[in-house]
Amino acid sequence: MPICFDPTDAHWRVAPLPGFSCGQKDWLTRGGSLTAHLRTLGAVAVRVTREAVALPWADEHRALGIAPRAPVWVREVVLSVDGVPFVAAHSIAPVAASTGVWQAMRRLRTRPLAELLYSDSGVARSPLVNRRLTARHPLYTLAVREIDARDERRPHALFARRSVFARRGEPLMVTECMLPALWAHLAARSDVPAAQQHPVPREHGRPLEHTAAARSHHVGTHGGRDTSRDTSRDTPASRAGDRPASGAKR
């Protein structure tokens with residue numbers, strides 16, 4: 001079923017800007033669950049920073065098809081990898097939907113929203129869009145709290161992506177802001193970039209029929225990286241005695 005919600009506007013665009021690095025373009029356009037992608041980097045923990053009824057931000061109400069002052073349910077979390085904050089996320093749904101079709105989002109606590117979005121074949125997703133965030137944007141303000149807490153230098157701009165999920169015609173929008181620690185971690189990795197090792201589907205520019213189907217396609221195409229052994233790098237030496245190659249994780 002086609003999705004009727006559009007997260008784009010003058011700032012939120014489908015194609016990443018030319019100034020973005022290859023790594024930034026990769027993570028801003030990765031399809032599927034961001035939580036699942038973060039798990040390839042380490043142990044992921046969810047910390048809830050806010051859950052409340054509020055008004056949508058100035059650039060949000062059109063994406064949901066609601067009035068500028070229509071109340072929404074807000075859920076804000078920080079996703080950390082091995083104890084380091086990598087992503088600040090802000091999710092909203094109309095209040096009525098948050099007590100109806102999307103009522104499960106009020107009961108997640110420290111479980112990731114992905115558990116709700118990627119397990120239901122009735123959930124459709126809009127194209128992914130992205131933008132630079134500066135100090136004028138409220139999500140920048142939320143995100144830099146995590147940077148300030150680690151005594152890191154506050155960047156001039158941060159990078160974020162968002163998309164709208166729909167279930168039974170009711171929207172839920174997820175906006176994810178990548179923190180500098182994520183880019184630093186990726187830059188420090190000595191192996192080949194993940195985008196080259198294990199290609200992931202891109203969702204910018206096209207909606208998915210439903211998120212569960214996308215997850216199944218990703219697992220079927222790429223071997224279920226989160227739960228299955230990757231044999232693409234097997235060598236005769238590593239297969240002998242079923243021993244991992246030198247340097248492989250146990």
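Take the sequence shown: its position 117, counted from the start at 1, is 117 in the UniProt record's numbering, and no numbers get skipped.
C-beta: ideal position from N, C-alpha, C; glycine also.
Cβ distance (whole Å) where residue i is taken to contact residue j below 8 Å
i: P112; j: T35; result: 4 Å
i: A101; j: W12; result: The question names Ala, but residue 101 in the sequence shown is Val. With a Cβ gap of about 24 Å, V101 and W12 do not count as contacting.
i: V87; j: C4; result: Actually they do not touch by this definition, with Cβ atoms about 27 Å apart.
i: residue 254; j: V174; result: Past the boundaries of the shown model lies residue 254; the chain is included only from 1 to 250, so the question cannot be answered.
i: V84; j: A149; result: V84 to A149, Cβ: 11 Å. No contact.
i: P18; j: L28; result: Their Cβ separation, rounded to whole angstroms, is 13 Å, which puts P18 and L28 out of contact at 8 Å.
i: L116; j: A97; result: L116 to A97, Cβ: 13 Å. No contact.
i: R189; j: D120; result: Incorrect: roughly 33 Å between the Cβ atoms, too far for contact.
Delimiting residues of the alpha helix (DSSP H) encompassing residue i
i: R41; result: This sequence places Leu at residue 41; Arg is not what is there. Counting along the chain, L41 falls outside any alpha helix (DSSP H), and DSSP gives it neither H nor E.
i: P180; result: 180-188
i: L28; result: 22-28
Contact check, residue i vs residue j, beta carbons under 9 Å
i: R132; j: L158; result: yes
i: V46; j: T110; result: yes
i: R50; j: E76; result: yes
i: L56; j: E170; result: A small correction: the amino acid at residue 56 is Pro; Leu does not occupy that position in the sequence shown. The answer is no: Cβ separation not under 9 Å.
i: A160; j: L139; result: yes
i: Y118; j: G42; result: no
i: R162; j: A63; result: yes
First through last residue of the beta strand (DSSP E) which encompasses residue i
i: L158; result: 158-167
Exercise. Mind listing, in chain order, the continuous beta strand (DSSP E) runs of no fewer than 3 residues lying wholly within the stretch 62-144?
Key: 72-81, 84-94, 123-125, 129-133
Quiz item: Just checking, does the stretch 134-149 make contact with the stretch 16-32 on the three C-beta pairs under 8 Å criterion?
Solution: The stretch 134-149 makes no contact with the stretch 16-32; the number of CB pairs closer than 8 Å stays below 3.
Self-check item: Cβ pair count under 8 Å reaching 3, the stretch 65-74 against the stretch 119-126
Solution: no
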